[in-house]
Each structure stands twice: as C-alpha cells, then as structure tokens.
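Asks: Below you'll find the structure I mean.
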C-alpha cells in the first residue's frame with residue numbers, strides 16, 4: 014500500500030492560481046464569480062498554513078484559561 018504525499022498538490026495550486034488570474038481579468042465575470050474563486054484561493058492558503066504548523070489544533074483539549082476566573 015502506497016502512502017499519500019503530504020501537503021498541497023502543486024497541480025491543484027497551479028490550476029487555482031491560473032483560474033484566479035483568468036477570472037479577475039475577465040470583464041464579463043460577475044463579482045460573485047470573482048469572490049468564489051478568491052474564496053477558494055484563501056481556503057487553499059489556510060490549508061497550507063494548517064499543514065505547515067505542527068502545533069495547529071494542539072491546544073484543543075487543554076484547559077480553558079477562563080476557568081481561572
């Protein structure tokens with residue numbers, strides 16, 4: 014059984030960047046179309062940050078600081 018490579022697929026990232034460039038340059042694209050593509054690009058960036066941060070989500074089960082009050 015082969016292991017899946019970690020991280021963001023570079024082909025997906027390249028395709029999304031190209032789509033973003035094309036939609037933003039298209040004068041006939043609606044603001045909704047442009048925002049959908051921008052939202053996808055932002056979600057990809059969030060996933061890249063999440064993937065690169067080994068501490069992401071580490072404090073989920075920690076005791077809340079609010080209990081001290």
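Residue numbers (the numbering used here): 14 to 82. Glycine is no exception: its CB is placed at the ideal position from the N, C-alpha and C atoms. It should be emphasised that the depicted structure is a prediction, and the values quoted were computed from it without experimental measurement.
Classify residue 42 as helix, strand or coil using the three-state DSSP reduction.
Replies: Walking along the chain shown from the start, residue 42 turns up at place 29. Residue 42: coil per DSSP, three-state reduction.
Asks: So what's residue 22 in DSSP terms, helix, strand or just coil?
Replies: For the purposes of this step, residue 22 is taken as residue 9 along the chain shown, with counting starting at 1. In the structure shown, residue 22 sits in coil (DSSP, three-state: anything other than H, G, I, E or B).
Asks: Do the CB positions of residue 21 and residue 64 come within less than 8 Å of each other?
Replies: Counting from 1 along the chain shown, the entry for residue 21 is found at position 8. Counting from 1 along the chain shown, the entry for residue 64 is found at position 51. Going by C-beta atoms, residue 21 is nearer than 8 Å to residue 64.
Asks: Can you tell me the Cα-Cα spacing of residue 68 and residue 58, whole angstroms?
Replies: Walking along the chain shown from the start, residue 68 turns up at place 55. Walking along the chain shown from the start, residue 58 turns up at place 45. Using only the alpha carbons, I get a separation of about 17 Å.
Asks: Give a yes or no on whether the C-beta atoms belonging to residue 33 and residue 50 are separated by under 8 Å.
Replies: To locate residue 33, count along the chain shown from 1; it is residue 20. To locate residue 50, count along the chain shown from 1; it is residue 37. Against a cut-off of 8 Å, the Cβ pair of residue 50 and residue 33 comes out as a contact.
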